[in-house]
Amino acid sequence: MKTDIEIAQQATLKPIEQIAEQLELAEEDWEPFGRTKAKISDRLLQKLEDKPDGKVILVTSINPTPAGEGKSTVAVGLGQALNKIGKKAIIALREPSLGPVMGIKGGAAGGGYSQVLPMEEINLHFTGDLHAITAANNLLAAIIDNHIHQGNALNIDPRRIEWKRVMDMNDRSLRNIIVGLGGPKQGSPREDHFQITVASEIMAILCLAKDLEDLKERLSNIVIGYTYDEQPVQVRDLEVEGALTLLLKDAIKPNLVQTTENTPAIIHGGPFANIAHGCNSIMATKTAQKLADYVVTEAGFGADLGAEKFLDIKSRIGKIRTDAVVIVATIRALKMHGGVPKDALKEENLEALKEGVKNLQKHIETIKHFGLPFVVAINKFPTDTEQELEWVERWCLEQDIDVALTDVWGKGGEGGILLAKKVVEKAASPQTFQPIYELEDSLEAKIRKIAQIVYGAKDIELSPKAQQQIAYYEKQGWGNLPVCMAKTQYSLSDDPKKIGRPENFMIHIRELKPSVGAGFIVVLTGDVMTMPGLPKKPAALNMNVENSGKITGLF
Numbered sequence: 001m002k003t004d005i006e007i008a009q010q011a012t013l014k015p016i017e018q019i020a021e022q023l024e025l026a027e028e029d030w031e032p033f034g035r036t037k038a039k040i041s042d043r044l045l046q047k048l049e050d051k052p053d054g055k056v057i058l059v060t061s062i063n064p065t066p067a068g069e070g071k072s073t074v075a076v077g078l079g080q081a082l083n084k085i086g087k088k089a090i091i092a093l094r095e096p097s098l099g100p101v102m103g104i105k106g107g108a109a110g111g112g113y114s115q116v117l118p119m120e121e122i123n124l125h126f127t128g129d130l131h132a133i134t135a136a137n138n139l140l141a142a143i144i145d146n147h148i149h150q151g152n153a154l155n156i157d158p159r160r161i162e163w164k165r166v167m168d169m170n171d172r173s174l175r176n177i178i179v180g181l182g183g184p185k186q187g188s189p190r191e192d193h194f195q196i197t198v199a200s201e202i203m204a205i206l207c208l209a210k211d212l213e214d215l216k217e218r219l220s221n222i223v224i225g226y227t228y229d230e231q232p233v234q235v236r237d238l239e240v241e242g243a244l245t246l247l248l249k250d251a252i253k254p255n256l257v258q259t260t261e262n263t264p265a266i267i268h269g270g271p272f273a274n275i276a277h278g279c280n281s282i283m284a285t286k287t288a289q290k291l292a293d294y295v296v297t298e299a300g301f302g303a304d305l306g307a308e309k310f311l312d313i314k315s316r317i318g319k320i321r322t323d324a325v326v327i328v329a330t331i332r333a334l335k336m337h338g339g340v341p342k343d344a345l346k347e348e349n350l351e352a353l354k355e356g357v358k359n360l361q362k363h364i365e366t367i368k369h370f371g372l373p374f375v376v377a378i379n380k381f382p383t384d385t386e387q388e389l390e391w392v393e394r395w396c397l398e399q400d401i402d403v404a405l406t407d408v409w410g411k412g413g414e415g416g417i418l419l420a421k422k423v424v425e426k427a428a429s430p431q432t433f434q435p436i437y438e439l440e441d442s443l444e445a446k447i448r449k450i451a452q453i454v455y456g457a458k459d460i461e462l463s464p465k466a467q468q469q470i471a472y473y474e475k476q477g478w479g480n481l482p483v484c485m486a487k488t489q490y491s492l493s494d495d496p497k498k499i500g501r502p503e504n505f506m507i508h509i510r511e512l513k514p515s516v517g518a519g520f521i522v523v524l525t526g527d528v529m530t531m532p533g534l535p536k537k538p539a540a541l542n543m544n545v546e547n548s549g550k551i552t553g554l555f
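Position 496 (the sequence shown) corresponds to 496 in the numbering used here; numbering is contiguous.
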């Protein structure tokens with residue numbers, strides 16, 4: 001069986017100008033970034049504003065497991081399948097982060113015969129967007145420390161600086177550090193922290209900005225910390241929003257690539273859904289809507305994280321209508337949620353499926369609560385038995401749930417035609433969309449509604465620090481912002497060990513963080529961290545590049 005990278009390297013890529021021509025882009029609408037990548041003009045949306053919007057198909061999944069669900073693979077395969085049945089479709093995905101690529105999770109370019117290409121470049125440095133975000137984030141960090149060193153005219157309290165430095169790598173050693181050591185000329189000593197780049201508020205801002213002007217305004221609204229008299233300090237007070245925007249002037253432009261079947265794909269932005277809002281950029285999604293009849297996009301991890309944030313945060317800010325949802329599940333992951341260890345997944349186990357399917361049921365209930373039409377996609381793996389596949393299909397039909405068996409990893413778009421036909425039908429059906437909460441709700445009420453309706457929690461438990469922060473944020477006028485929950489992806493609860501569908505649990509709210517520039521309040525639950533660590537045997541140990549330039553060991 002060929003690996004993902006072997007399939008990718010044997011695929012025939014069209015020159016990127018042919019993909020641009022396929023989308024009827026004029027010369028001024030795009031600029032090449034090598035032979036197989038391009039940047040789309042950030043002014044194209046304004047040029048196309050009078051064109052009707054294509055339908056948006058959101059791909060989400062059950063809670064992920066180490067067995068993998070293949071959500072991005074299904075999204076790519078569905079886009080290819082829609083083109084095969086005569087629909088004009090574009091795929092809109094996030095950019096991968098180097099941290100998970102070199103760590104354990106893997107990439108975000110799909111797999112098998114349903115990949116976005118060139119996968120090696122997409123999974124590595126791509127067009128440098130994440131590096132630009134890293135530079136902008138760390139420029140702001142340097143400006144803050146320099147301001148304090150040069151006299152601290154804004155009266156910033158060094159003990160209450162919220163802004164953290166970032167890097168696009170998993171490095172647990174940098175979670176908690178001390179900066180400014182070495183004497184008076186080296187700065188003011190203080191405790192500091194690193195996050196992974198995708199957790200930066202600047203990443204969220206890039207993905208939620210409507211254009212360059214909106215990007216600059218959102219950057220100016222970032223709260224970097226507080227004064228000694230507990231007043232918020234924003235980027236506009238430091239007068240650095242212009243320089244930050246300058247570093248992001250190219251990163252704001254969406255990236256155009258193609259799939260293994262030459263279907264156009266727009267890849268842009270990469271916030272994680274467990275510590276950020278988990279969706280690609282508004283500009284990418286809305287540009288794709290203007291260029292195609294169907295846009296297939298995905299939101300990170302399960303419906304409890306990515307889909308909830310897509311629908312409660314991104315859709316609100318971007319005024320995006322979702323026409324249908326695909327909920328991806330695999331036999332392997334359902335068995336793991338039913339208690340089967342990873343090393344026993346190849347063995348048929350219908351009893352484990354009966355228990356594990358409860359996790360799928362909860363995500364179905366969540367999408368139903370939003371009032372959206374949906375299809376369950378069973379993402380087929382070679383180890384699945386006919387009895388297991390038939391059992392899940394029968395369970396769905398007994399629940400009056402539309403289901404489609406897909407084999408897009410092994411067959412590309414051909415393996416997703418049934419799913420594509422069902423999605424077209426669902427996207428044409430009526431819907432009564434309703435968000436989980438209203439913006440006028442209090443912050444505590446928003447958090448509670450997500451915990452109870454989406455996670456199935458008994459209630460929330462606020463730490464004293466979280467209670468104080470809620471009161472302060474609402475006093476500052478931030479209470480009407482959406483909330484972005486930071487929670488483990490592995491469980492509906494805030495405990496990664498509680499797999500399946502846990503019951504009678506509490507969601508523990510540790511603290512909150514203001515992302516006023518992005519336009520939401522981050523709520524940290526349990527012990528979720530914004531700087532991951534590497535596993536005992538990182539994926540990087542298997543990677544290499546030959547003298548010819550050929551990359552090996554990358555998935």
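Glycine included, every Cβ here is placed at the ideal spot set by N, Cα and C.
Problem - residue 63 in three-state terms, based on DSSP - result: coil
Exercise for the section: Assign residue 433 to one of two classes, buried (16 or more other C-beta atoms within 10 Å of its C-beta) or exposed (fewer than that). Expected result: exposed
Handout entry: Straight-line gap, residue 64 to residue 509 (C-alpha atoms, nearest Å)
Key = If I take the Cα positions, the gap works out to 22 Å.
Handout entry: Proximity of residue 328 and residue 491 at Cβ, strictly below 8 Å
Key = no
Practice task
With DSSP collapsed to three states, give me the class of residue 161.
Solution key: Residue 161 falls in the strand class under three-state DSSP.
Problem - DSSP bridge partner residues for residue 207 (one or two, in chain order) - result: Answer by DSSP bridge pairing: none, since residue 207 is not bridged.
Handout entry: Those residues which DSSP pairs with residue 225 across a bridge
Key = 161 and 233
Problem - Alpha-carbon spacing of residue 115 relative to residue 82, whole angstroms - result: 15 Å
Handout entry: Inter-residue spacing [alpha-carbon to alpha-carbon] between residue 58 and residue 399
Key = 22 Å
Exercise for the section: State the start and end residues of the unbroken beta strand (DSSP E) segment that holds residue 508. Expected result: 506-515
Handout entry: Rounded distance between the beta-carbons of residue 275 and residue 333, thought under 8 Å
Key = Not a contact, Cβ separation roughly 21 Å.
Handout entry: CA-to-CA distance, residue 414 to residue 194, given in whole angstroms
Key = Their backbone Cα atoms lie some 44 Å apart in a straight line.
Exercise for the section: Output the boundary residues of the alpha helix (DSSP H) element that contains residue 424. Expected result: 417-427
Handout entry: Where residue 281 falls: helix, strand or coil (DSSP)
Key = coil
Practice task
Within the same chain, show all residues whose beta-carbon is closer than 8 Å to that of residue 66, passing over the 5 residues directly before and after it, in chain order.
Solution key: 336 and 342
Exercise for the section: Determine which residues share a DSSP beta bridge with residue 116 and list them. Expected result: 259
Handout entry: Reduced DSSP secondary structure (H/G/I, E/B, other) of residue 192
Key = strand
Handout entry: residue 157 and residue 260 closer than 8 Å at C-beta
Key = no
Exercise for the section: Using a threshold of 8 Å, state whether the C-beta atoms of residue 172 and residue 531 are closer than that. Expected result: Here residue 172 is near residue 531, since their CB atoms are less than 8 Å apart.
Exercise for the section: May I have the straight-line CA-CA distance separating residue 155 from residue 221, to the nearest angstrom? Expected result: For residue 155 and residue 221, the distance between alpha carbons rounds to 18 Å.
Problem - Stretch-stretch touch, CB-based, cutoff 8 Å, three pairs: the region 369-380 with the region 417-435 - result: yes
Practice task
Classify residue 366 as buried or exposed, calling it buried when 16 or more other Cβ atoms lie within 10 Å of its own Cβ.
Solution key: buried
Problem - Beta-bridge partners of residue 460, as assigned by DSSP - result: 507
Exercise for the section: Measure the C-alpha to C-alpha separation of residue 170 and residue 554 and round it to an integer number of angstroms. Expected result: Answer to the nearest angstrom: the Cα atoms are 17 Å apart.
Practice task
Could you say which of 480, 214, 150 and 216 lies nearest to residue 185 if we only look at CA atoms?
Solution key: 150
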